[in-house]
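Mapping the sequence shown onto numbering that gives the first Met the number 0, position 351 (from 1) lands on 350, and the numbers just tick up by one. Encoded as structure tokens, the structure appears first; notes follow it.
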Amino acid sequence: MQKDLPRLMRDPNLFPSEKQTLLSNIADQAASLDMPCYLVGGFVRDLLLNQPVNDFDIVVEGDAIELGAALVKKYGGKLTPHTKFRTAIWHLPSSFIIYPSSLDLITARKETYSRLGALPTIKPSTIDDDLRRRDFTINAMAVRLDGDHFGELLDPLNGQADLEKKIIRVLHPRSLMDDPTRIFRAIRYMTRYSFILHPSSVILINLESLSILNSLSGERIRHEFDLIFEEENSAQMLARLNELGIFNAFDPSLPKFIDQYAKLLNSNPPAEFGVSANRVILGYSLWLMDSSLDVVKAIAKRLDFNSELREASLAVVQLKKDLHSLKKISPSQWTFRLEKIPLIAVYAIWLVSNETALKEFLVKWRHIKSGITGDDLKARGIPTGPRYKEILSQLRAARLDGEIKNDKEEEELLNTLL
Ligand code: CTP
């Protein structure tokens with residue numbers, strides 16, 4: 000079915016009007032430089048699916064750095080050029096109130112892979128070549144922006160037909176060997192849109208492409224898992240990866256995502272918890288919490304976790320293991336134990352256990368401090384040293400455990416400690 004792309008691109012419910020203005024400024028500039036200018040990939044796919052679009056990638060047949068420089072000259076902002084790839088990031092001037100506040104300008108390119116799984120070598124080329132270097136037919140469409148061409152669809156690989164048939168299909172048989180991260184991408188799109196992977200593409204997920212996947216750096220694979228955890232149906236995506244043998248091929252110790260945890264991932268922390276909802280860290284925490292510490296340490300190494308993610312993942316494993324033995328301890332003991340680990344780890348364990356003490360800690364206990372400070376101890380002439388920490392902890396513990404109720408009682412307790 001022919002879609003009226005110019006109309007979709009001007010629909011503020013699908014594409015915010017301030018971004019439409021930005022695009023038309025870029026298109027005008029490109030036209031004045033005689034550079035055909037296109038929106039490509041996910042933008043076109045989602046627009047044709049009548050889904051709201053936010054991010055966009057701009058490709059020009061010409062020099063993207065030259066276009067960027069002209070835009071900065073006319074509208075301001077800053078340009079970060081990458082001369083090797085002839086791409087540029089335009090950091091928008093504050094007159095464009097747009098998020099994200101920068102955008103990529105890309106020179107249409109042809110890609111070749113010197114070695115399977117390696118990052119590609121690129122050279123400037125036509126939009127047709129640029130579309131042919133891509134992952135799936137549904138991502139290999141462009142819509143032209145400049146001048147009278149505004150809204151023209153370029154679809155040399157029949158992406159629109161596959162969109163209508165709800166099919167994910169690679170562009171050529173070597174695709175998943177060139178870039179096995181596309182296996183993850185296929186699963187994301189299949190699950191996100193309820194599409195199927197075409198049988199001719201399914202058979203390319205085989206021993207050969209999986210062994211190349213296994214040779215990729217942990218960082219590249221972790222990035223794919225991160226993207227999965229940003230999606231609404233992450234648990235289903237992980238289940239599909241597992242069914243297709245991807246866990247086994249990459250690292251057999253990767254656990255199954257436990258079904259009961261799936262819906263927890265989409266819950267937002269209540270505001271009173273004061274926990275920022277980092278979906279990605281929460282996703283890994285729920286995924287890995289029933290594995291052993293040794294397994295999680297090995298996975299963290301293999302997937303090149305950053306220190307924040309490693310710390311949270313290990314903390315959930317340990318806390319879940321310790322939970323039973325912590326049941327009888329006092330609020331102060333809970334607080335001192337939980338303050339050593341990231342809040343998101345406490346939240347993750349609360350989600351699966353509903354343990355009241357964890358909620359109390361998040362909402363109340365962690366905010367209870369003693370009224371007396373180090374300065375007060377100094378004013379009383381107590382020599383500085385480790386004794387300060389001991390005294391202040393004892394005072395705080397007494398407050399947390401309800402042994403003292405106000406500043407006066409705290410003063411009295413302090414007198415007994417000195
Ligand atoms: N692309 C590709 N192969 C990859 C990664 C990206 O061919 N391994 C191409 C696809 O054409 C894709 C475009 O680069 O559409 C942009 O990539 P990305 O921003 O990751 O994806 P989007 O299409 O924007 O989709 P999503 O909604 O998942 O972000």
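Where is the CB? At the ideal position from N, CA and C, for every residue including glycine. Here the structure is a predicted model, which means the values were calculated and not measured.
{"Asked": "Along the alpha helix (DSSP H) that carries S200, what are the first and last residues, could you check?", "Found": "198 to 201"}
{"Asked": "Under 8 Å, do T190 and E223 count as touching if we go by C-beta distance?", "Found": "no"}
{"Asked": "Along the chain, where does the alpha helix (DSSP H) containing K368 start, and where does it finish?", "Found": "No alpha helix (DSSP H) holds K368; DSSP gives it neither H nor E."}
{"Asked": "Could you tell me the alpha carbon to alpha carbon distance between T86 and E17, rounded to whole angstroms?", "Found": "24 Å"}
{"Asked": "Do N53 and the ligand CTP come close, with the Cβ less than 7 Å from some heavy atom?", "Found": "no"}
{"Asked": "Rounded to a whole number of angstroms, what is the C-alpha to C-alpha distance between L22 and N12?", "Found": "16 Å"}
{"Asked": "I think L32 touches G61, with their Cβ atoms under 8 Å apart; what is that distance to the nearest whole Å?", "Found": "6 Å"}
{"Asked": "Sorted by chain position, which residues of the same chain lie with C-beta nearer than 7 Å to L226's C-beta, five sequence neighbours on each side aside?", "Found": "R187"}
{"Asked": "What are the residues that DSSP puts in a beta bridge with H148?", "Found": "According to DSSP, which records beta bridges pairwise, H148 is partnered with nothing at all."}
{"Asked": "Between Q28, T120, C36, Q19, which lies nearest to F95 when the distance is taken from Cα to Cα?", "Found": "Q19"}
{"Asked": "Any chance the CB of A107 is under 7 Å from a heavy atom of the ligand CTP?", "Found": "no"}
{"Asked": "Round the Cβ separation of T136 and N157 to the nearest angstrom and send it over; I've been treating them as touching at under 8 Å.", "Found": "6 Å"}
{"Asked": "Helix, strand or coil for S101, going by three-state DSSP, please let me know.", "Found": "strand"}
{"Asked": "May I ask you to report which of helix, strand or coil DSSP gives R395?", "Found": "helix"}
{"Asked": "Pairing CB atoms from the region 257 to 275 with CB atoms from the region 198 to 208, are three or more of them under 8 Å?", "Found": "no"}
{"Asked": "Smallest Cα separation from T355: which of H366, P330, A378?", "Found": "P330"}
{"Asked": "Can you tell me the Cα-Cα spacing of L394 and T415, whole angstroms?", "Found": "11 Å"}
{"Asked": "Rounded to the nearest angstrom, what separates E338 and L308 at their Cα positions?", "Found": "17 Å"}
{"Asked": "From the DSSP output, in three-state form, read off V274 for me.", "Found": "coil"}
{"Asked": "Give the straight-line distance between the Cα atoms of G282 and L342, rounded to the nearest whole angstrom.", "Found": "14 Å"}
{"Asked": "Quick one: measure Cβ to Cβ for V362 and F272, integer angstroms, because I've assumed they're closer than 8 Å.", "Found": "6 Å"}
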